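Chains A and B are the protein sequences, given in the same order.
Residue numbers for the first sequence follow the working numbering, so the first one is 2 and each next one is one higher.
Residue numbers for the second sequence follow the working numbering, so the first one is 26 and each next one is one higher.
Backbone N, C-alpha and C define an ideal beta-carbon position, used for all residues, glycine too.
The model shown is predicted, which means the values in this text are computed figures rather than measured ones.
See below for the structure under consideration.
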Amino acid sequence: MNVTFRIKRFDPEKDARPHWQEFKIEAGPMDRVLDVLNELKWEQDGSISYRRSCAHGICGSDAMVINGVNRLACKVLVKDLGNEIAVEPLRGLPVLKDLIVDMEPFFDAYKAVLPYFINDDPAPVAERYQSVEDRERFDATTKCILCAACTTSCPVFWTNGRYLGPAAIVNAHRFIFDSRDQGADQRLQTLNQVNGLWRCRTAYNCTEACPRGIPITQAIEEVKRELLWRRN
Amino acid sequence: MATRPKTLQQARATYTTNRELAWWVFMRISGFLLIFLVFAHIFFNNIQINVATVDYAYVAARLSKAWVKVYESFLLGLAMLHGTNGLRYSIEDYFKRPGTRFWLKAVLFTAAGAMFVVGVMALWAFSYQQMGDAMNAVGHGG
Numbered sequence: 002m003n004v005t006f007r008i009k010r011f012d013p014e015k016d017a018r019p020h021w022q023e024f025k026i027e028a029g030p031m032d033r034v035l036d037v038l039n040e041l042k043w044e045q046d047g048s049i050s051y052r053r054s055c056a057h058g059i060c061g062s063d064a065m066v067i068n069g070v071n072r073l074a075c076k077v078l079v080k081d082l083g084n085e086i087a088v089e090p091l092r093g094l095p096v097l098k099d100l101i102v103d104m105e106p107f108f109d110a111y112k113a114v115l116p117y118f119i120n121d122d123p124a125p126v127a128e129r130y131q132s133v134e135d136r137e138r139f140d141a142t143t144k145c146i147l148c149a150a151c152t153t154s155c156p157v158f159w160t161n162g163r164y165l166g167p168a169a170i171v172n173a174h175r176f177i178f179d180s181r182d183q184g185a186d187q188r189l190q191t192l193n194q195v196n197g198l199w200r201c202r203t204a205y206n207c208t209e210a211c212p213r214g215i216p217i218t219q220a221i222e223e224v225k226r227e228l229l230w231r232r233n
Numbered sequence: 026m027a028t029r030p031k032t033l034q035q036a037r038a039t040y041t042t043n044r045e046l047a048w049w050v051f052m053r054i055s056g057f058l059l060i061f062l063v064f065a066h067i068f069f070n071n072i073q074i075n076v077a078t079v080d081y082a083y084v085a086a087r088l089s090k091a092w093v094k095v096y097e098s099f100l101l102g103l104a105m106l107h108g109t110n111g112l113r114y115s116i117e118d119y120f121k122r123p124g125t126r127f128w129l130k131a132v133l134f135t136a137a138g139a140m141f142v143v144g145v146m147a148l149w150a151f152s153y154q155q156m157g158d159a160m161n162a163v164g165h166g167g
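Below, the structure is given as structure tokens:
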């Protein structure tokens, strides 16, 4: 199928502001957006810049705005988009070049919620036992791949870059509800600040954007309730 | 805890209050209450009576009733707090510079406080005696 493929280009060395560039390309219906990008970069214009790594929806490198919504380029088929495709860099993060954004503010928020296991008790001889039910409690939020599709789809994050964002809260949820973890109080303290949890307006954009199907807004609500009942 | 603060600076950095949590809860409860309070207010003032017949005497008589003073003061206070906090959320979100946020919030809180004071004064200025005078003045005395 003939596809008109538009890319929002930005070269910090030449451009004052981003501009759209249009390409015509012949693509198979089963091609993914990433395949088209690769084809364009390898055959038509080597200067097109974007991140990709595993190309199978696990590394989270190639999140971008595809026809207006946040998606992984490696998980969207051309046949589902039709003949007109437009890709832009993620919103709310500084654009470095073309489709590459500066992920540092995103990872700063991620680090702020201490996204690692905290337990000061001496390690037992065997494993730290966890029941199937206790593991189930945070199963959904273990699936996050840190692609930033959720955080950069959040209208609050677009205007307020100090807001921690859905991804950080999802990763806090993963440990707050882990029965073996002891760092919940610290994480909740961070989330209880002005630009923590309470900036969420339940717009549901994050849930819609997540390529892993994590019910993000629900996870955020669970953390809100945890803060409400634990601290009062 | 693994990363318990060890110095005063670290403790200050991690110090938080439940203020944002309390405001979040307040916004939900006040929002729910305001739906009923505002519609009741509209019913009493716009539907139960014909707005065209409202004159000074009617307003004076109405505002001299104790339950009207209490009801309208409560509605005013709740609406001002709810609206002002909502605007504070918008200021937190839309203004990047801390100085801008500080001054905008200062103006907002001052204006909201002034509006609340003027509103309460208007509600409570009509004493029962003044109501009587007003009623006499426009020929509704008795």
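| Asked | Found |
| --- | --- |
| Coil, strand or helix - LEU82 (chain A) by DSSP | coil |
| For MET26 (chain B), the three-state DSSP class (helix, strand or coil) | A caution first: MET26 (chain B) carries a pLDDT of 43, below 50, which makes its placement in the model too unreliable to give a value. |
| Chain B contacts made by the stretch 135-168 of chain A, where a contact means CB separation under 8 Å | VAL157, THR160, ASN161, GLY162, TYR164 |
| Per-residue burial, PRO167 (chain A) [other beta carbons within 10 Å of its own, 16 or more giving buried] | buried |
| PHE6 (chain A), DSSP secondary structure in three states | strand |
| Listed by chain order, chain A residues near THR41 (chain B) by CB distance under 7 Å | GLN190, ASN193, GLN194 |
| SER50 (chain A) to GLY93 (chain A) span [Cα, whole Å] | 18 Å |
| ARG91 (chain A) (DSSP reduced to helix, strand or coil) | Note on identity: in this sequence residue 91 (chain A) is Leu, with Arg being the wrong assignment. Three-state DSSP puts LEU91 (chain A) in coil, outside helix and strand. |
| Nonlocal neighbours in the same chain, by C-beta distance under 8 Å from SER115 (chain B), ignoring five residues either side | none |
| Close Cβ partners of MET26 (chain B) (< 8 Å) along its chain, the five nearest in sequence each way excluded | Bear in mind that a pLDDT of 43 at MET26 (chain B), under 50, signals an unreliable position, so the model cannot answer this. |
| DSSP three-state assignment for PHE107 (chain A), whether helix, strand or coil | helix |
| For GLN22 (chain A), three-class secondary structure by DSSP | strand |
| Whole alpha helix (DSSP H) elements within the stretch 173-233 of chain A, 4-residue minimum | 185-192, 206-210, 217-232 |
| Any chain A beta carbon closer than 7 Å to LEU46 (chain B) | yes |
| Partners in chain B for LEU229 (chain A), counting only beta-carbon separations shorter than 9 Å | LEU46, TRP49, VAL50 |
| Contact set between TRP199 (chain A) and chain B, taken where Cβ atoms lie within less than 8 Å | GLU45, LEU46, TRP48, TRP49 |
| Which of helix, strand or coil DSSP assigns to ARG136 (chain A) | helix |
| For MET146 (chain B), three-class secondary structure by DSSP | helix |
| Local conformation of MET65 (chain A) per DSSP, three classes | strand |
| Interface flag, ASP118 (chain B) vs chain A, CB-CB below 7 Å | yes |
| Short Cβ contact (7 Å threshold) for TYR164 (chain A) with ASN193 (chain A) | no |
| Length of the line joining the Cα atoms of LEU147 (chain A) and GLY61 (chain A) | 6 Å |
| Environment of ASN233 (chain A) [buried if 16+ CB atoms lie within 10 Å] | Because ASN233 (chain A) sits at a pLDDT of 49, beneath the cut-off of 50, its placement in the model cannot be relied upon, and the point is left open. |
| From B:ASN110, B:VAL143, B:VAL50, B:ALA82, residue whose alpha carbon lies closest to that of LYS130 (chain B) | B:ASN110 |
| Straight-line gap, ILE119 (chain A) to TRP230 (chain A) (C-alpha atoms, nearest Å) | 22 Å |
| Beta carbon of THR98 (chain B) nearer than 7 Å to that of LEU148 (chain B) | A small fix is needed here, since residue 98 (chain B) is Ser in this sequence, not Thr. In this structure, LEU148 (chain B) lies closer than 7 Å to SER98 (chain B) by Cβ. |
| ILE60 (chain B) (DSSP reduced to helix, strand or coil) | helix |
| Host alpha helix (DSSP H) of ASN39 (chain A) (start-end) | 34-40 |
| Selection from A:PHE11, A:ASP16, A:VAL224 that minimises the alpha carbon distance to PHE176 (chain A) | A:VAL224 |
| Own chain partners of CYS151 (chain A) with C-beta closer than 6 Å, once the 5 adjacent residues on each side are dropped | PRO167, ALA168, CYS207, ALA210, CYS211, ILE217 |
| Segment contact flag, the stretch 97-108 of chain A with the stretch 36-52 of chain A, C-beta cutoff 8 Å, min 3 pairs | yes |
| Inter-stretch contact at 8 Å, needing at least 3 Cβ pairs: the stretch 121-139 of chain A / the stretch 64-84 of chain B | no |
| Extent of the continuous beta strand (DSSP E) run through ASN71 (chain A) | 70-73 |
| For ALA110 (chain A), the nearest candidate out of A:PHE158, A:TRP21, A:ASP135 (CA to CA) | A:PHE158 |
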